[in-house]
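Residue numbers (the numbering used here): 2 to 430.
Every residue gets a Cβ at the ideal spot worked out from N, C-alpha and C, and that includes glycine.
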Ligand SMILES: Cc1cc2nc3c(=O)[nH]c(=O)nc-3n(C[C@H](O)[C@H](O)[C@H](O)COP(=O)(O)OP(=O)(O)OC[C@H]3O[C@@H](n4cnc5c(N)ncnc54)[C@H](O)[C@@H]3O)c2cc1C
């Protein structure tokens with residue numbers, strides 16, 4: 002059967018691979034000049050710059066099923082984080098997985114001894130829960146959940162707000178506690194990693210599995226509408242004026258675009274972020290942890306010396322630094338860099354040598370991503386759309402049918418392929 006998949010992000014790529022395995026013929030249409038969607042990397046002056054700082058949890062179930070992890074040459078972060086506040090740093094980590102830092106973590110003033118014990122017990126208990134159990138049942142915000150579990154205000158403000166704020170792009174911790182628990186489970190069960198050649202290696206590997214006889218990829222081609230035959234969707238209209246006809250159409254575009262194309266109400270509230278990159282001749286740290294900004298009135302939420310984690314991200318002898326800002330304030334590049342540099346200098350107050358070295362760093366590039374994730378308030382997940390729509394022939398794939406993550410996008414792609422295959426091969430459907 003002939004199937005059109007619109008959008009070559011992770012959801013569209015996995016959908017294409019899975020449909021190909023079922024023996025179908027797929028045309029994958031992508032509006033931009035390449036594959037990967039929100040997971041792409043650029044090479045600038047020999048530096049690998051992900052289009053927005055992001056990481057992979059190698060325990061993600063869909064990642065385990067669809068990627069050959071050894072070939073990605075994964076570079077792990079060390080567990081936990083360095084908390085920067087008022088010119089001092091402290092380390093919080095998982096003592097069972099990070100022995101070298103556990104002594105420092107025991108003495109860290111970022112959390113009470115009870116906090117450390119509670120966090121350890123919670124993350125261990127999550128390894129005994131299935132993912133399905135985690136997503137079930139009533140929901141509250143991450144903040145309400147942490148308070149319910151009697152975590153102190155200090156660990157909430159110093160650690161959870163910047164750490165999970167960086168993951169959900171929401172420092173207020175108003176995101177669903179289901180997301181928090183799922184990610185804590187992933188952190189407890191696996192590593193936080195980046196591929197040695199950039200996050201863009203993930204979609205590249207998925208596309209390497211395309212079989213030319215079954216899959217045609219068309220980049221720089223946007224779908225601008227659907228073609229109907231009576232009530233059935235039978236194809237798509239392209240921006241070059243042509244139409245393509247198929248047995249089924251899978252929309253694997255971000256929710257706001259799927260909403261426009263399909264006329265369906267889909268989750269559309271956006272969480273945005275900005276990533277800034279610098280390079281320099283001296284490493285600010287050899288630490289492989291994320292740095293969290295635990296000051297009040299923050300501009301930068303988190304930062305990291307990426308080349309300490311993945312040396313190929315920088316040419317030999319050079320060092321790459323990234324910083325993430327939550328939201329997309331309307332600043333010029335200069336204003337963004339100036340505000341971020343001031344905040345990073347404040348985070349580095351504990352180390353004058355690092356401050357000196359950073360003042361010599363060169364600005365590389367800024368990425369503004371107004372739609373990085375969709376907002377996930379408590380209770381949203383059971384209301385997310387199904388892959389099968391009420392319009393015959395039309396299907397949805399994308400993170401927004403599951404949750405906002407790499408795992409969710411890939412899971413959605415896998416699920417939609419099974420449903421499309423079922424519908425096309427079941428008589429009278
Ligand atoms: C900065 C940032 C940080 C993140 N951090 C993390 C993280 O640390 N961990 C994590 O798990 N997740 C993270 N995420 C989220 C994760 O990257 C996304 O959830 C996931 O990549 C979404 O994949 P998708 O296939 O659903 O959508 P997309 O990647 O958005 O793919 C949709 C594709 O459709 C194409 N398209 C759009 N309109 C059309 C059209 N009309 N015609 C044809 N093609 C079209 C787009 O160009 C795009 O390629 C982050 C995202 C960003 C941006």
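The DSSP-derived three-state label of residue 374 is strand. Counting only runs of 4 or more residues that sit fully inside the stretch 97-175, the alpha helix (DSSP H) segments are 100-108, 114-127, 132-136, 143-149 and 162-169, in chain order. Sixteen is the threshold: since fewer than 16 other Cβ atoms of the shown chains lie within 10 Å of the Cβ of residue 246, the residue is exposed. For the options 179, 49 and 327, the alpha carbon positioned closest to that of residue 146 is the one of 179. Between the alpha carbons of residue 343 and residue 316 lies a distance of about 26 Å. If the five residues before and after residue 338 are omitted, its C-beta is found closer than 8 Å to the C-beta atoms of 277, 364 and 367, all from its own chain and listed in chain order.
At least one heavy atom of ligand 1 lies less than 6 Å from the C-beta of residue 274.
Counted as a single uninterrupted DSSP element, the stretch harbouring residue 313 is not any beta strand (DSSP E), since DSSP gives it neither H nor E. Judged by pairs of C-beta atoms under 8 Å, the stretch 254-274 does not touch the stretch 421-428, as fewer than three such pairs exist.
Here the stretch 401-419 makes no contact with the stretch 233-243; the two share fewer than three CB pairs at distances below 8 Å. DSSP lists no beta-bridge partner residue for residue 287. In this structure, residue 111 places its C-beta atom within 7 Å of the C-beta atom of residue 84. Secondary-structure assignment with DSSP links residue 272 through a beta bridge to 374. Taking all protein chains shown into account, residue 31 has 16 or more neighbouring C-beta atoms within 10 Å of its C-beta and is therefore buried. Per DSSP, residue 342 is one residue of the alpha helix (DSSP H) stretching across 334-348. Between residue 227 and residue 237, the C-beta spacing is below 7 Å.
With contacts defined by Cβ atoms closer than 7 Å, residue 218 and residue 14 do not form a contacting pair. The C-alpha of residue 229 is placed about 21 Å away from the C-alpha of residue 257. Between ligand 1 and residue 266, a heavy atom-to-CB distance of less than 6 Å is absent. According to DSSP, residue pairing for residue 396 in a beta bridge involves 251 and 389.
For residue 143, the CB contacts under 8 Å within the same chain, skipping 5 residues up- and downstream, are 161, 165, 169, 174, 175, 176, 177, 178, 180 and 181 in chain order. If you compare the alpha carbons of 348, 138, 187 and 21 with that of residue 127, the shortest gap goes to 187. In this structure, residue 80 lies near residue 95, with their beta-carbon atoms less than 7 Å apart. In the DSSP assignment, residue 413 falls within the alpha helix (DSSP H) that extends over 407-426. DSSP places residue 243 outside both helix and strand once states are collapsed to three, so it counts as coil.
Looking from the CA of residue 386, the closest CA among 417, 86, 38 and 190 belongs to 417. Of all C-beta pairs linking the stretch 300-308 to the stretch 327-341, three or more are shorter than 8 Å, placing the two stretches in contact. Relative to ligand 1, the nearest heavy atom lies less than 6 Å away from the CB of residue 11.
Closest in alpha carbon position to residue 222, among 419, 28, 20 and 429, is 28.
At a Cβ-Cβ threshold of 7 Å, residue 308 and residue 321 count as neighbours. Look at the stretch 179-218 and you find these whole runs of beta strand (DSSP E), each 3 residues long or longer: 193-196.
The distance from the Cβ of residue 259 to that of residue 16 is about 13 Å, inconsistent with a contact at the 8 Å cut-off. With respect to the 7 Å criterion, residue 395 and residue 250 are classified as neighbours on the basis of their beta carbons. The residue from 345, 159, 200 and 196 with its alpha-carbon nearest to that of residue 40 is 200. With respect to the 7 Å criterion, residue 78 and residue 193 are classified as neighbours on the basis of their beta carbons. One thing to note: residue 2 has its Cβ within 7 Å of the Cβ of residue 248.
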